[in-house]
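Working notes, beginning with the structure itself.
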């Protein structure tokens, strides 16, 4: 039995920039996480996650923060005490300019266990969002693993595609495009666990 | 196997809360899909207390350019606890807030109250072995916003908390005991009546430093391990 009740969640509001993502928005304050998780000499395939977050009627969402959590290329999560390991944690804002979107430069994670396909956990915060939204990003070039993934199999078949990022290769980088739809016909699957 | 307590929907606000206008167009409309807790959810980012710069938890000092920031000094302190009442040591706590005039440092804040050049309004702390965090800051001012006619946000401090894993993540706001603006605020009023009171900090003579700063005590409760983790 619980003896304490959870403290309610509240929105991050519109003015989080200097507190949560200071350097990205040009404030003199230390960052906790950034949009570049790739330290020199790390093993693995360097990739960029990129996407737009849409509100109702496909308006692009400014004032949003995305946090990412993932394993390294061998499928191992960072632990306390393991210095200089891959942090696995990213945090970026979608910006406020003409083309609001998030970009996270990272490495492609390995499989974390025998059942699950490679994936990255994403958490979305924003003005207007009273409780953060959890989702997961899977990779379009992992077709076979995705088909067997226990989480994807729990989803209605017609909504599975909303969690699969599309691989786009170019000369200088590999991008996984992962747009997030907060509402509408294409509403992304959000998770609770 | 679900090893951690679930999100308690009786404690949190509904995602769509029409009195808070922007929730209507920016929040999911479909129910979330409930999925098993795997190693991904049972782990989370780790933060080293040694990585925090000096004065990280002292907002009266960490933004100084030419002198002291102006306002009423406060000590804001409390414990991060889980639902079993156990303290959460090593939890990262981030705060950000408006200055004493009700103006955020964020460039998009257009409220024509003065910016304090010596106050950034953001800080971080990591909880100690008994789950305690502590900040020295200034009392934030109330400010108007565009949600409805004559809308004012009650003075509040934004909190962001990382516990043992990503499931325990919490972003919330701390309010002040006795504030007459609370009952008019659609953000404060989002959670059910019983739950919203848990966001209100109490003035504490015990935490006050005599002759220096008033103390406010505020414990935060996040999701925790199930008492019998292997039962189901």
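Residue numbers (the working numbering), protein chains in the order written: chain A, 1 to 193; chain B, 1001 to 1232.
Backbone N, C-alpha and C define an ideal beta-carbon position, used for all residues, glycine too.
Legend entry - Residues near residue 71 (chain A) in its chain [Cβ-Cβ closer than 7 Å; skip 5 each side]: 77, 88, 109, 110 and 112
Inset, instruction - Whole angstroms is fine: what's the gap from residue 167 (chain A)'s alpha carbon to residue 173 (chain A)'s? - result: 11 Å
Inset, instruction - Grab me the residues of residue 1144 (chain B)'s own chain with a C-beta within less than 6 Å of its C-beta, minus the 5 sequence neighbours each way, in chain order. - result: 1152
Inset, instruction - May I have the straight-line CA-CA distance separating residue 1137 (chain B) from residue 1164 (chain B), to the nearest angstrom? - result: 26 Å
Inset, instruction - Inspect the beta-carbon positions of residue 47 (chain A) and residue 124 (chain A) and report whether they are closer than 8 Å. - result: Between residue 47 (chain A) and residue 124 (chain A), the C-beta gap is not smaller than 8 Å, which leaves the two residues out of contact.
Inset, instruction - Determine the chain B residues that contact residue 191 (chain A) at a beta-carbon separation under 7 Å, and present them in chain order. - result: 1032, 1033 and 1035
Inset, instruction - Starting from residue 143 (chain A), trace the alpha helix (DSSP H) both ways and give me its first and last residue. - result: 143-148
Legend entry - Close beta carbons around residue 11 (chain A), own chain, < 7 Å, minus the five adjacent residues each side: 127, 128, 129 and 130
Inset, instruction - Using a Cβ-Cβ cut-off of less than 8 Å, give me the residues of the stretch 1069-1086 of chain B that come near chain A, in sequence order. - result: 1081, 1082, 1083, 1084 and 1085
Inset, instruction - Report the three-state DSSP secondary structure of residue 1180 (chain B) (helix, strand or coil). - result: Three-state DSSP puts residue 1180 (chain B) in coil, outside helix and strand.
Inset, instruction - Could you check if residue 101 (chain A) is buried or exposed, using at least 16 other CB atoms within 10 Å of its CB as the buried criterion? - result: buried
Inset, instruction - Using the Cα positions of residue 1023 (chain B) and residue 1146 (chain B), report the straight-line distance between them to the nearest angstrom. - result: 14 Å
Legend entry - Range covered by the alpha helix (DSSP H) that runs through residue 20 (chain A): 17-20
Inset, instruction - Determine the chain A residues that contact residue 1106 (chain B) at a beta-carbon separation under 9 Å, and present them in chain order. - result: Within chain A, the residues near residue 1106 (chain B) are 14, 15, 16, 17, 18, 19, 25 and 27.
Inset, instruction - Using alpha carbons as the reference points, say which of B:1037, B:1119, B:1052 and B:1204 lies closest to residue 1233 (chain B). - result: Residue 1233 (chain B) lies beyond the stretch modelled for chain B, which goes from 1001 to 1232, so this question has no answer here.
Inset, instruction - Kindly provide the ranges of any beta strand (DSSP E) runs that are 3 or more residues long and lie completely inside the stretch 1058-1082 of chain B, ordered along the chain. - result: 1073-1082
Inset, instruction - Kindly say whether residue 1181 (chain B), judged by its beta-carbon, lies nearer than 8 Å to any beta-carbon of chain A. - result: no
Legend entry - Bounding residues of the alpha helix (DSSP H) (the contiguous stretch that carries residue 1091 (chain B)): Where residue 1091 (chain B) is concerned, there is no enclosing alpha helix (DSSP H), given that its DSSP letter is neither H nor E.
Inset, instruction - Just confirm the distance between the C-beta atoms of residue 1202 (chain B) and residue 1217 (chain B), as a whole number of angstroms; I'd bet it's less than 8 Å. - result: 5 Å
Legend entry - Boundaries (first-last residue) of the alpha helix (DSSP H) holding residue 1193 (chain B): Membership of residue 1193 (chain B) in the alpha helix (DSSP H) is indicated by the continuous run 1193-1196.
Legend entry - Beta-carbon gap between residue 266 (chain A) and residue 1158 (chain B) smaller than 8 Å: Within the shown structure, residues of chain A are numbered from 1 to 193, placing residue 266 (chain A) beyond reach of any answer.
Legend entry - Residue interval of the alpha helix (DSSP H) (run including residue 1026 (chain B)): From DSSP, the alpha helix (DSSP H) with residue 1026 (chain B) extends over 1023-1026.
Legend entry - residue 1121 (chain B) versus residue 38 (chain A): straight-line alpha-carbon distance, rounded: 30 Å
Inset, instruction - Under 6 Å Cβ to Cβ from residue 105 (chain A), same chain only, skipping five residues before and after it: list those, please. - result: 36, 38 and 48
Inset, instruction - Run the CB neighbour count on residue 15 (chain A), radius 10 Å, all protein chains shown included, and call it buried at 16 or more, exposed below. - result: buried
Inset, instruction - Taking only beta-carbon positions, decide if residue 125 (chain A) is within less than 8 Å of chain B. - result: yes
Legend entry - Below-8 Å beta-carbon distance, residue 56 (chain A) vs any chain B residue: yes
Legend entry - 7 Å Cβ cut-off: residues of chain B touching residue 182 (chain A): 1026, 1027 and 1028
Legend entry - Alpha-carbon to alpha-carbon, residue 5 (chain A) and residue 23 (chain A): 35 Å
Inset, instruction - Could you tell me the distance, in whole angstroms, from the CA atom of residue 31 (chain A) to the CA atom of residue 21 (chain A)? - result: 6 Å
Legend entry - Top-ranked residue by Cα proximity to residue 1233 (chain B), from B:1175, B:1113, B:1049 and B:1150: Residue numbering for chain B in the displayed model covers 1001 to 1232; residue 1233 (chain B) lies beyond these limits and cannot be assessed.
Legend entry - Chain-ordered neighbours of residue 145 (chain A) on chain B, where CB pairs are closer than 8 Å: Here the premise fails: no neighbours, minimum Cβ distance about 14 Å.
Inset, instruction - Determine which residues share a DSSP beta bridge with residue 1225 (chain B) and list them. - result: B:1004
Inset, instruction - Indicate the three-state DSSP secondary structure (helix, strand or coil) for residue 153 (chain A) in the structure shown. - result: helix
Legend entry - Min CB distance residue 1232 (chain B) to chain A below 8 Å: Reliability of the predicted coordinates at residue 1232 (chain B) is poor, the pLDDT of 47 falling under 50, and the value obtained from them is presented with this limitation in mind. Not one chain A Cβ lies under 8 Å of residue 1232 (chain B).
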